[in-house]
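Read in order, the letters of the sequence shown are residues -24 to -1, 1 to 296 in mature numbering (1 follows the signal peptide of the UniProt record, and there is no 0).
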Amino acid sequence: MASSSFIAILSLALLVVFMGSATAQLSTDFYSKTCPRLFPTIKYKVHSAIAREARMGASLLRLFFHDCFVNGCDGSVLLDDTSNFIGEKTSNANRNSARGFDVIDDIKSAVESVCPGVVSCADILAITARDSVVTLGGPNWDVKLGRRDARTTSRAAANRGVPQPTFNLDRLISRFNSLGLSTQDLVALVGSHTIGQARCTSFRARIYNETNIDSSFAQTRRSNCPRTNGTGDNNLAPLDLQSPVVFDNGYYKNLVQKKGLLHSDQQLFNGGSTDSIVRSYSESQSTFFNDFVTAIIKMGDVNPLTGSKGEIRKNCRRAN
């Protein structure tokens, strides 16, 4: 027993050391001399994309999440399939769902025009996520930079890594903890569902089979999501019923009222250990914002490629 406890403590210590050594190479001023026009260039493109389609802000934020949950924040989610690997775009979490790749291409092209060969696609995702949140009314933060891009990826890794809408609370906590993210980080980060939409296939089972759901809310959602598989599968519903294109604390207010759209959403407020955090965020937007910023910076520190590892892709869709 003692030896197994020692091994567990040692493993945790090594994880902290590993993450610390990598994140020490990330800094908020990484491109201050090599690409001084980086931030305004990306900000303009993000603003333009969201002005054309408000939902795009959620899609761009989601890309950053899905990138970081598969082998770390390395831009791998952007890679197209090749003869050597099947990438993440056709994984369970991303197939017919992940979007915004054309916007990232446009941003990358704009960045390359002002500082060619300097800024990684992984860092572009991190900045784009921040700018999307701010554009939709959320908090601002200084983005740590210096990540490099992966040369390969794996659909299987994405299937294992990205949390699914069917996860219960224990599985959510376990997956986030495995990346060094706490239970509080989990609840704050899933608050990203205050913007965006989900497909009928992601919430059909919840609105027809679950009991911890407001009956009128379930009935409303059923009107656009038929019970039969294969019918209306791609019909969309907002993750936040009240303000789907505003980054606020409305998501948590919905959970308290049993109006979480996804099974995994309502798991955060279902008589478990996270109920108190959800209630706190539902009552204080500033508390949510503060914790969200802390958590997303922490998520951005997950296993980045730095130094001589990886590369700076010229095209975010393929390795050089």
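Every residue, glycine too, gets a C-beta built ideally from N, C-alpha and C.
Computed from a predicted model, the values in this text were never measured in an experiment.
Identify the residues that DSSP records as bridge partners of residue i: which are they?
i	result
residue 319	No answer is possible for residue 319: the residues shown for the chain start at -24 and end at 296.
R294	N291
L121	S3
L14	For L14, which the question treats as bridged, DSSP gives no partner whatsoever.
A213	A174
With a threshold of 16 other CB atoms inside 10 Å of the CB of residue i, please say whether the residue is buried or exposed.
i	result
N144	exposed
T58	exposed
D5	exposed
K9	exposed
S(-4)	Only weak support exists for where S(-4) lies, its pLDDT of 49 falling under 50; the coordinates are left without a value.
S96	buried
E64	buried
P92	exposed
A27	exposed
Q243	buried
Please state whether DSSP places residue i in a helix, a strand or coil.
i	result
S(-4)	Note that S(-4) has pLDDT 49, beneath the 50 cutoff, so the model's placement of it is unreliable and no number is given.
S(-14)	For S(-14), the predicted structure reports a pLDDT of 49, less than 50, and the residue's modelled location is therefore unreliable. The matter cannot be settled from this model.
R175	strand
A69	coil
A74	coil
T282	coil
G276	helix
K21	helix
V94	coil
L104	Sequence check: residue 104 is Thr here, not Leu. Helix, per DSSP.
F61	coil
Counting only beta-carbon atoms, is residue i nearer than 9 Å to chain C?
i	result
L231	In the displayed structure, chain C is absent; only one protein chain is listed.
Out of the options, which has the shortest C-alpha to C-alpha gap to residue i?
i	options	result
Q160	P280, T263, K120	T263
T66	N116, S178, A132	A132
A174	N225, L238, T17, D190	L238
Q261	C292, G236, K285, K229	K229
C292	F152, L14, A126	A126
T111	G248, N200, L36	L36
L14	H42, L101, A25, G33	L101
Under 8 Å by Cβ, that's how I've got residue i and residue j pegged, so tell me the actual separation to the nearest angstrom.
i	j	result
Y227	L121	Contact doesn't hold; Cβ gap of about 28 Å is too wide.
V232	R255	6 Å
K235	L217	6 Å
D224	T170	6 Å
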